[in-house]
Amino acid sequence: MFKNSLWIVVVASLLFATGLQAAFEYESVLNADIDEPILDVTTNRSEDLVFVLTQGNVVIFSMETQSVLDRIPVENRFDRIAYQADDRLVLTAKNPSRLHIIRFSRVHDIDLNGRAIKGPPDAKVTLVVFDDYQ
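Going by the working numbering, the sequence shown opens with residue 2, and the numbers climb by one from there.
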């Protein structure tokens with residue numbers, strides 16, 4: 002009898018409690034204006050990149066610089082995007098059913114001004130060697 006009464010008191014206090022509120026802290030980490038309708042959004046695992054699927058493009062945002070890094074052109078029919086390991090984006094379409102996987106790589110610009118170089122400065126490929134002679 003006492004056990005049943007205790008359960009009734011616990012359930013009643015949960016159902017009829019007043020003044021109880023859940024508290025959350027939050028902060029805005031990205032606030033960007035997109036000039037076209039957003040169809041879907043995903044992030045990479047480290048959450049430093051945000052991939053926004055729009056009609057015909059995947060817009061890549063940097064969380065660090067709060068700016069657009071690049072745009073990847075895609076077919077207009079895709080309406081969903083997901084991030085997959087090894088820097089792959091999975092695009093899907095409902096009508097007609099379609100699946101497309103894109104692998105992307107980050108390209109880093111290295112300023113060679115004032116550095117010792119061998120070969121033409123406007124070469125298509127540049128190899129950079131970092132050495133420490135200490």
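Each residue gets a CB set at the ideal place from its N, CA and C atoms; glycine is no exception.
{"Check": "First through last residue of the beta strand (DSSP E) which encompasses tyrosine 84", "Outcome": "81 to 85"}
{"Check": "Inter-residue Cα distance where the pair is valine 42 and serine 98", "Outcome": "19 angstroms"}
{"Check": "Helix, strand or coil at serine 98 according to DSSP, with G and I counted as helix", "Outcome": "coil"}
{"Check": "Residues sharing a beta bridge with asparagine 58, DSSP", "Outcome": "Thr55, Pro74"}
{"Check": "Cβ-based burial, phenylalanine 1 [other Cβ within 10 Å; buried from 16]", "Outcome": "This structure cannot speak to residue 1, because the chain is shown only from 2 to 135."}
{"Check": "Euclidean distance between Cα positions of alanine 124 and glycine 115", "Outcome": "16 angstroms"}
{"Check": "6 angstroms CB neighbourhood of glycine 103 in its chain, flanking five on each side removed", "Outcome": "Note on residue identity: the sequence assigns isoleucine, not glycine, to residue 103. The answer, listed in chain order, is Leu90."}
{"Check": "CA-to-CA distance, alanine 94 to isoleucine 1, given in whole angstroms", "Outcome": "Past the edges of the chain, shown from 2 to 135, lies residue 1, and the structure says nothing about it."}
{"Check": "Coil, strand or helix - leucine 40 by DSSP", "Outcome": "strand"}
{"Check": "Alpha-carbon to alpha-carbon, glutamine 67 and asparagine 32", "Outcome": "8 angstroms"}
{"Check": "Strand pairing of threonine 139, partner residues [DSSP]", "Outcome": "This structure cannot settle anything about residue 139, because the visible part of the chain is limited to 2 through 135."}
{"Check": "Sheet register partners of serine 68 (DSSP bridge)", "Outcome": "Ser63"}
{"Check": "Buried or exposed (CB count within 10 angstroms, at least 16 for buried), threonine 55", "Outcome": "buried"}
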